[in-house]
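Read the structure below first, then the notes.
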Amino acid sequence: MKVENLLKMVVDACDNKHGYDIVAYDLTDAGVLYDYTVICHAPTSRQVEAIANEVREKVLKSGVDIYSTEGLKEAKWVLMDLGDVIVNILTRDDREYYELDLLFEKYPLKEV
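Numbering of the sequence shown is given in our numbering, commencing with residue 2 and proceeding in unit increments.
Structure representation (structure tokens):
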């Protein structure tokens, strides 16, 4: 599967479960091991878990491997490694606290 199709699938899955402020940063020219990172948040850990499960279901259904999933038990910040796409799903409070967007703000946003 093309990485752009995977990225769109992930963003759509986050949107389907009402993820907020979904952004995809383009790291293709950054020299890192992946091409895109997606960040979104939800008001509760229960919704974070629902978004992560939606992403997982859509990705596995399409035949793409999930290399790692971290944080699902607490569901305050779920990190999913899909190879060329890294997915970060956080509660609103954790997104504000960790300021993850500031880490990636120097990279262009990818329109999906």
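Glycine residues also receive a C-beta, built at the ideal position from the N, C-alpha and C atoms.
As the structure is a computational prediction, the values presented were derived from the model and not from experiment.
Is the distance from the Cβ of residue i to the Cβ of residue j below 8 Å?
| i | j | result |
| --- | --- | --- |
| Gly20 | Ile52 | yes |
| Lys91 | Val56 | Rather than Lys, the amino acid found at residue 91 in this sequence is Leu. Not in contact: Leu91 and Val56 (Cβ atoms no closer than 8 Å). |
| Val113 | Leu8 | yes |
| Met10 | Lys59 | yes |
DSSP on residue i, reduced to helix/strand/coil?
| i | result |
| --- | --- |
| Ala53 | helix |
| Tyr26 | strand |
| Ser63 | coil |
| Val12 | helix |
Who are the near neighbours of residue i in its chain, counting only those whose CB is closer than 8 Å to its CB and skipping five residues on each side?
| i | result |
| --- | --- |
| Ile87 | Tyr35, Tyr37, Thr38, Val39, Leu80, Met81 |
| Ser69 | Leu80, Met81, Asp82 |
| Asp102 | Val24, Ile40, Arg96 |
| Lys1 | A query on residue 1 cannot be resolved here, the shown segment of the chain reaching from 2 to 113 and no further. |
If you drop the 5 nearest sequence neighbours on each side, which residues of the same chain put their C-beta closer than 7 Å to that of residue i?
| i | result |
| --- | --- |
| Asp22 | Cys41, His42 |
So which of the options has the shortest CA-CA distance to residue i?
| i | options | result |
| --- | --- | --- |
| Glu5 | Asn17, Leu101, Leu28 | Leu28 |
Could you round the C-beta distance between residue i and residue j to whole angstroms and report it? I think they count as a contact, below 8 Å.
| i | j | result |
| --- | --- | --- |
| Val12 | Ala25 | 6 Å |
| Glu75 | Ser46 | 7 Å |
Residues in the same chain with beta-carbon distance under 6 Å from residue i, minus the five sequence neighbours each way, listed in chain order, please.
| i | result |
| --- | --- |
| Asp85 | Val4, Tyr35, Asp36 |
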